[in-house]
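Notes for the one structure printed next.
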Amino acid sequence: MARKNIAAGNWKMNTTIDEGIELALQIQDGQRNKEVVIILGVPFTHLYPLKRKIKASSKILLAAQNCHHKTSGAYTGEISPLVLAALKIPYVILGHSERREYNHEDNALLSQKVDAALEAGLKVIFCCGESLEIRQAGQHFSHVKKQLSDSLFHLSASHMKNIVIAYEPIWAIGTGETATPQQAQEMHEEIRNILRKKFGKRVAENTSILYGGSVKASNATVLFSQPDVDGGLVGGASLKSDEFLKIINSF
Ligand code: PEP
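My numbering applies: residue 197 is where the sequence shown begins, and numbers increase by one.
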């Protein structure tokens, strides 16, 4: 997977299926930028109906927001990566800070989830990022490095073709406070350097690294124009079609 510009929406636990279909079709009908990969991270229940409604020619791809680290078994309420793959859902978001916090997903568990997802044939949008306390203590680079090394460093360079990284500083998620373009760029450059040292130049250059944290139409252009920012993982602003379409057109 060569490095691509990606506008990914994370709908979280929002929209009914009907509302989700309406939103996805508005994005499909309104989007003109064929150079951008558009990914919609939607609730599990929406995946199948949206898959049927979205035209294959629209270049809109779907993502689940989580999957289990086992492929089947007595795990009530969980979703197997094999089920997502059988539905031909290409992406799964793993390691979102909300799941790390509310569902106690740690780096070790995420490592297993990454393996299960890749083995099933899914591509992974792997989220990392630091809290405000960690940033204020000046430990944001080492924190992100540990998240990447604990959950991804066992992979091969060839596995890394199916990984997209989303840097999402927790202090910027849903707060309206966005990292400055300089803060985003310096972390993305650091992540690319980490990838270069571990996996080599080709992986570093070909991995898309997205920024997430209060991306909106008014700040997307300056963020996406940073040399190591390949797009965004967008929460709140992806729930409004006109706003998300402007973000898609910000590259
Ligand atoms: C997110 O949830 O991944 C996110 C970045 O949210 P928001 O854009 O609302 O900050």
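Here a beta-carbon is modelled for each residue, glycine too, at the ideal position from N, C-alpha and C.
This structure is a prediction, so every number in the text was calculated from the model and none was measured.
Residue range 233–237 is occupied by the beta strand (DSSP E) that includes residue 236.
DSSP places residue 201 outside both helix and strand once states are collapsed to three, so it counts as coil. With fewer than three CB-CB distances shorter than 8 Å, the region 222–233 does not count as touching the region 260–267. Linking residue 435 to residue 209 through their CA atoms gives a straight-line distance of about 11 Å.
Taking 9 Å as the cut-off, the Cβ atoms of residue 276 and residue 316 count as close. A buried status is given to residue 201, since no fewer than 16 other beta-carbon atoms sit within 10 Å of its beta-carbon.
Residue 222 and residue 249 have their alpha carbons spaced roughly 12 Å apart. Under the 8 Å Cβ criterion, the region 380–393 counts as touching the region 409–428, having at least three qualifying pairs. Under the three-state reduction of DSSP output, residue 442 falls in the helix class.
Close CB contacts of residue 416 within its chain, under the 6 Å cut and outside five residues either way in sequence, are with 443, 446 (chain order). For residue 362, the enclosing beta strand (DSSP E) covers residues 359–363. In the DSSP assignment, residue 256 forms a beta bridge with 234. The beta carbon of residue 236 lies closer than 8 Å to those of 204, 205, 207, 220, 223, 246, 256, 257, 258, 259, 434 in the same chain, with the five residues before and after it left out. The straight-line gap separating the alpha-carbon atoms of residue 304 and residue 346 is approximately 6 Å.
The region 322–331 and the region 354–371 touch, with three or more beta-carbon pairs separated by less than 8 Å.
Residue environment analysis places residue 409 among the buried positions, since at least 16 neighbouring C-beta atoms fall within 10 angstroms of its C-beta. In the DSSP assignment, residue 216 falls outside any beta strand (DSSP E) and lies within the alpha helix (DSSP H) extending over 213–226.
Considering only 226, 334, 306, the residue with the shortest C-alpha distance to residue 349 is 306. A buried status is given to residue 294, since no fewer than 16 other beta-carbon atoms sit within 10 Å of its beta-carbon. Taking non-hydrogen atoms of the ligand PEP into account, the C-beta of residue 327 is found less than 8 Å away from none of them.
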